[in-house]
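Chemist: So for the sequence shown, this note's numbering puts the first residue at 1402; every next one is plus one. All C-beta atoms in this analysis are idealised placements derived from N, C-alpha and C, irrespective of residue type, glycine included.
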Amino acid sequence: MSEKFLYNELTWPEVAKIAKEDRVAILPAAAIEAHGPHLPLDTDVVLCNEVCLRAARQIPGEVVLLPPITYGYSEHLMDFPGTITLDGDTMTKCVQGVCQSLARHGFRRILIVNGHGLNPPYLDAAAHAIVTESKGQVVCATISYWGVAQLRQTIKELRESEPGGICHACEMETSLYLAIRPELVDMEKAVDDHGLPVPDSFRLDMFARVPGSSGIMFGPYWSTRSTTGVLGSARKATREKGEAFLKSAADGLVEVIGEVRQMPIRPNVDHH
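1) How is the alpha helix (DSSP H) around Arg1510 delimited, first residue to last?
2) By a C-beta neighbour count over all protein chains shown, 10 Å radius and 16 as the cutoff for buried, is Val1540 buried or exposed?
3) Note down, in chain order, each residue of its chain lying with its Cβ closer than 6 Å to the Cβ of Ser1602, except the 5 sequence neighbours on either side.
4) Give the straight-line distance between the Cα atoms of Val1586 and His1506, rounded to the nearest whole angstrom.
5) List, from N- to C-terminal side, the beta strand (DSSP E) runs of 3 residues or more that fit wholly inside the stretch 1540-1626.
6) DSSP state of Ile1666, grouped into three classes?
7) Pull the bridge partners of His1436 from the DSSP assignment, please.
8) Taking the straight line between their C-alpha atoms, what separation do you get for Lys1648 and Leu1503?
9) Between Ile1658 and the rest of its own chain, which residues show a CB-CB distance below 8 Å, the 5 nearest in sequence each way excluded?
10) According to DSSP, simplified to helix, strand and coil, what is Thr1486?
11) Exposed or buried, Leu1597, counting other C-beta atoms within 10 Å across all chains shown (16 or more means buried)?
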């Protein structure tokens, strides 16, 4: 079994061989968009791809890692210069096309790893299309990298911010970028911005809600919530937290990949 796992570095005969090894094809999907005055536009891409890369390095014979989908659905951030957006249908078809290509080459297990908050509906639609097109003979699943259990536990242990402190260009994302490419983070421009006042159930945070609030899902135009592009506590970020977050995210993703590999592929049964 070959230990090569970077899809773009493979030759076509190597792809043909690897597809027969029942590896999981990992597809990072993120966005290019404004991340406050202190982080680069490629924040989502860099963070998502790094988590996937660190996971793949642990189990190179079990995965193949594709180049990331760089652009996502970011219409809500278009008020901030630099943001690039695809419309939702284009996003879905782009991801679906990549996964269809993988399926045609023989890959039967695909995991789309999301790195951007408003991508999930379109990634989920693409993944479901692959499952239905194959009559269930391809496992195509999605997860946001911040959804793995280990990272959620580490965030719970290390975060210093209150609910609303981890959302966008925040304590977590800034810490992660500091751990990957600190020279591109300008902490002198980092701000703690929890946005304009909203009801508690509308307060956005990846990991915590105001006690007693409900889980409303809402994607606001960012300029109606924040004047900086930040929602969260960027000043509470540290490189040390970022390293811990990266390790737990990668370790957790390895476990998720293991579950994708173990997922039974059974024939569907038409009961008409």
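Modeler: Short version:
1) Not the alpha helix (DSSP H): Arg1510 falls in the beta strand (DSSP E), residues Arg1510 to Asn1515.
2) Buried: at least 16 other Cβ atoms inside 10 Å.
3) So the list reads Ser1614, Ser1615 and Ile1617, once near-sequence residues are dropped.
4) Answer to the nearest angstrom: the Cα atoms are 40 Å apart.
5) Secondary structure remark: continuous beta strand (DSSP E) runs of at least 3 residues inside the stretch 1540-1626, in chain order: 1540-1545 and 1567-1569.
6) For Ile1666, the secondary structure class from DSSP, reduced to helix, strand or coil, is coil.
7) In DSSP, His1436 forms a bridge with Leu1440.
8) C-alpha separation (whole angstroms): 28 Å.
9) Cβ within range, chain order: Val1425, Ile1427, Ala1456, Ile1460, Glu1463, Val1464 and Leu1512.
10) If DSSP states are grouped into helix, strand and coil, Thr1486 belongs with the strands.
11) Looking at its Cβ environment, which holds fewer than 16 other Cβ atoms inside 10 Å, Leu1597 is exposed.
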